[in-house]
Amino acid sequence: MKSLVITRPDDWHLHLRDGPALAAVLPHTVRAFARAIVMPNLKPAVTSVAAADAYRQRIVAAFDAGKRGGAIAAGARFEPLMTLYLTDRTSPRDIALARASGFVHAVKYYPAGATTNSDAGVTALERAFPALEAMQKHDLPLLVHGEVTDPAIDIFDRERMFVDGQLQTIVSRFPGLRVVAEHITTREAATFVEQARPGVAATITVHHLLYNRGAIFQGGIRPHFYCLPVLKREEHRRALVAAATSGQPKFFLGTDSAPHPRGLKEHPCGCAGVFSAPAALELYAEVFDAAGALDKLESFASHHGADFYRLPRNAEKVTLLKEAWTIPAEYPFGDETVVPLRCGEQAAWRMA
Ligand code: NCD
Ligand code: ZN
Numbered sequence: 000m001k002s003l004v005i006t007r008p009d010d011w012h013l014h015l016r017d018g019p020a021l022a023a024v025l026p027h028t029v030r031a032f033a034r035a036i037v038m039p040n041l042k043p044a045v046t047s048v049a050a051a052d053a054y055r056q057r058i059v060a061a062f063d064a065g066k067r068g069g070a071i072a073a074g075a076r077f078e079p080l081m082t083l084y085l086t087d088r089t090s091p092r093d094i095a096l097a098r099a100s101g102f103v104h105a106v107k108y109y110p111a112g113a114t115t116n117s118d119a120g121v122t123a124l125e126r127a128f129p130a131l132e133a134m135q136k137h138d139l140p141l142l143v144h145g146e147v148t149d150p151a152i153d154i155f156d157r158e159r160m161f162v163d164g165q166l167q168t169i170v171s172r173f174p175g176l177r178v179v180a181e182h183i184t185t186r187e188a189a190t191f192v193e194q195a196r197p198g199v200a201a202t203i204t205v206h207h208l209l210y211n212r213g214a215i216f217q218g219g220i221r222p223h224f225y226c227l228p229v230l231k232r233e234e235h236r237r238a239l240v241a242a243a244t245s246g247q248p249k250f251f252l253g254t255d256s257a258p259h260p261r262g263l264k265e266h267p268c269g270c271a272g273v274f275s276a277p278a279a280l281e282l283y284a285e286v287f288d289a290a291g292a293l294d295k296l297e298s299f300a301s302h303h304g305a306d307f308y309r310l311p312r313n314a315e316k317v318t319l320l321k322e323a324w325t326i327p328a329e330y331p332f333g334d335e336t337v338v339p340l341r342c343g344e345q346a347a348w349r350m351a
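Position 178, counted from 1, in the sequence shown is what numbering that gives the first Met the number 0 calls 177; the numbers after and before it change by one each time, with no gaps.
Given below as structure tokens:
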């Protein structure tokens with residue numbers, strides 16, 4: 000049996016939701032990850048420091064309640080790293096307040112209409128320039144959902160078009176701004192980040208490392224593989240694996256675990272989002288193992304993100320064992336259930 004001890008990792012892109020859904024999914028993340036960049040796409044969106052503070056307190060309360068109720072281990076520690084949701088109206092003052100708060104670590108840019116709860120997002124990049132200028136000045140990173148929203152553009156081309164256009168514009172117009180291309184899915188995005196100036200990085204999800212777009216149609220329509228940006232061709236998956244396992248500090252772990260109730264996934268117009276938290280770290284280990292790059296897992300999962308965000312690396316360790324287990328078919332999710340990635344099938348690695 001193979002085993003691997005690594006520094007406890009962090010999740011640099013996570014959807015924790017709110018209320019009973021938050022209470023249901025939080026234990027899956029804190030089991031493996033010490034910190035997480037928490038996405039602000041609630042309804043209403045987290046657009047102010049006050050809203051981010053209130054959300055942070057609800058996460059901490061859910062964490063404490065999870066410990067009292069036994070869903071979270073008594074000795075567990077978890078720090079939510081909050082983000083603001085960029086809108087057309089985000090002001091330089093909002094950015095200064097965010098920087099001063101100490102708990103807001105980044106600002107998320109959703110092009111309006113790009114994904115779940117993005118309707119409050121930025122309607123034209125130029126409208127965000129004053130906020131981006133302030134973020135550059137205060138050294139607050141910009142996290143980008145990199146897809147164009149023009150419905151005339153083929154869904155499989157939307158990231159590539161965004162990289163050539165808006166991402167290039169942001170990176171060159173604001174040369175001191177730290178930028179994370181979130182959940183990249185294409186060879187073009189990986190190459191762009193690799194060749195970009197310092198201060199440009201990317202997160203990569205475990206589902207985009209494991210699967211190509213064929214998974215959505217394997218023997219029938221499989222809504223639990225539907226997320227945004229959508230899975231791409233095999234050549235892109237391979238490029239992402241090469242980037243993640245390259246050891247380059249520009250690439251780090253971000254699950255984009257995005258739970259939706261089963262009924263809204265298995266639906267005539269199903270929601271986008273893959274719920275990967277229950278086996279995320281284990282499945283990343285599987286990817287790195289298959290690539291013969293287990294020695295690169297720790298830097299990708301536990302070092303590069305902390306370094307980019309200028310936070311200390313975690314001191315604690317976790318142990319991974321190469322020992323198969325079956326991922327449950329579903330988990331409780333408030334009054335409903337949520338279906339995890341690889342539901343009912345085996346994961347090759349488990350956490351000790
Ligand atoms: C995310 C969600 O459900 O909030 N969905 C997804 O498919 N990734 C939104 C997002 O990150 O795009
Ligand atoms: Zn996301």
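By construction, the Cβ of each residue, glycine as well, lies at the ideal position given by its N, Cα and C atoms.
Of the residues the options, which one's Cα is nearest the Cα of residue i?
i	options	result
residue 172	147, 128 and 151	128
residue 282	203, 177 and 189	203
residue 352	31, 22 and 309	Outside the modelled stretch of the chain, which goes from 0 to 351, sits residue 352, for which no answer is possible.
residue 108	102, 122 and 100	122
residue 287	271, 276 and 240	240
residue 270	246, 221 and 292	221
residue 276	336, 258, 285 and 213	258
residue 150	114, 163 and 182	114
residue 197	210, 63, 175 and 182	175
residue 126	116, 165, 99 and 157	165
residue 262	158, 75, 337 and 99	337
residue 100	51, 339 and 77	51
residue 185	223, 55 and 238	238
residue 244	285, 341, 223 and 274	285
residue 58	43, 77, 260 and 224	77
residue 358	265, 248, 53 and 343	This structure cannot speak to residue 358, because the chain is shown only from 0 to 351.
residue 160	187, 41 and 265	187
residue 118	106, 44 and 178	44
According to DSSP, is residue i helix, strand or coil?
i	result
residue 194	helix
residue 295	helix
residue 28	helix
residue 1	coil
residue 54	helix
residue 81	strand
residue 160	helix
residue 265	coil
residue 102	coil
residue 168	helix
residue 139	coil
residue 350	strand
residue 320	strand
residue 13	strand
residue 66	helix
residue 91	helix
residue 146	coil
residue 331	strand
residue 35	strand
residue 275	coil
residue 256	strand
Roughly how many angstroms separate the alpha carbons of residue i and residue j, rounded to a whole number?
i	j	result
residue 83	residue 47	6 Å
residue 348	residue 290	14 Å
residue 133	residue 97	11 Å
residue 325	residue 136	48 Å
residue 346	residue 218	21 Å
residue 256	residue 91	30 Å
residue 350	residue 312	20 Å
residue 138	residue 65	34 Å
residue 208	residue 49	36 Å
residue 314	residue 268	44 Å
residue 70	residue 26	6 Å
residue 331	residue 24	9 Å
residue 329	residue 158	31 Å
residue 103	residue 153	35 Å
residue 60	residue 234	43 Å
residue 206	residue 67	32 Å
residue 426	residue 73	The question about residue 426 has no answer here: the residues shown for the chain are numbered 0 through 351.
residue 21	residue 246	33 Å
residue 224	residue 54	28 Å
residue 309	residue 181	18 Å
residue 93	residue 16	23 Å
residue 339	residue 273	7 Å
residue 62	residue 41	18 Å
residue 266	residue 212	19 Å
residue 116	residue 323	36 Å
Taking three-plus beta-carbon pairs below 8 Å as touching, is the region 310-327 in contact with the region 0-7?
yes
How do the region 12-19 and the region 86-93 stand: do at least 3 beta-carbon pairs fall below 8 Å, yes or no?
The answer is no - the region 86-93 does not touch the region 12-19, with fewer than three Cβ pairs under 8 Å.
Flag this pair as touching only if the region 244-263 and the region 301-308 have three or more C-beta atom pairs under 8 Å; answer yes or no.
yes
How do the region 290-301 and the region 188-201 stand: do at least 3 beta-carbon pairs fall below 8 Å, yes or no?
No, because fewer than three Cβ pairs between the region 290-301 and the region 188-201 fall closer than 8 Å, the two stretches do not touch.
Does the region 228-245 come close enough to the region 136-156 to have 3 or more Cβ pairs within less than 8 Å?
Contact between the region 228-245 and the region 136-156 is present, because at least three Cβ pairs lie under 8 Å.
Between the region 28-37 and the region 72-81, are three or more C-beta pairs nearer than 8 Å?
Yes, they touch.
Can you list, in chain order, the stretches of the beta strand (DSSP E) that have 3 or more residues and sit fully within the region 174-250?
178-180 and 199-203
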